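So that you can map any letter, position 77 of the sequence shown is 77 in the UniProt record's numbering, and since no number is skipped, the others follow by simple counting. One structure is given below, encoded as structure tokens.
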Amino acid sequence: MKSNKSRNPPANPKSLSARVERIIKRFGFDGVHVSSDKTGQVTLSGILDEVNDRALVVAIARTTPSVTVVRCEITFSKPN
């Protein structure tokens, strides 16, 4: 049985976080910051307006090649 893990090699943490952040910013989420480690774990932080925005940002990060785990530390500017 095949693993669901990406077969892409681990990326340089700086280039991986820069790539994920660039893609997220293309969608207009300028308040999100990305950090990563050498294992491909990405941490998202910052402030967004809506819960749905967080779901989209997490989905974008998860589908980026070389990302293995996504941690979300995003907070909201508006109460839900």
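Cβ atoms here follow ideal geometry from the backbone N, Cα and C, with glycine treated the same way. Source: prediction; values computed, not measured.
Query, Result
"Minimum C-alpha distance to K25 - residue among K78, L48, V69, T68", "L48"
"Same chain, Cβ closer than 8 Å to V58, five either side skipped, listed in chain order", "L44, V70, C72"
"Alpha helix (DSSP H) runs wholly inside the UniProt domain \"BON\" (26-76), at least 4 long, in chain order", "51-62"
"T63 versus P13 - alpha carbon distance", "16 Å"
"Whether S17 touches V34 by CB criterion (7 Å)", "yes"
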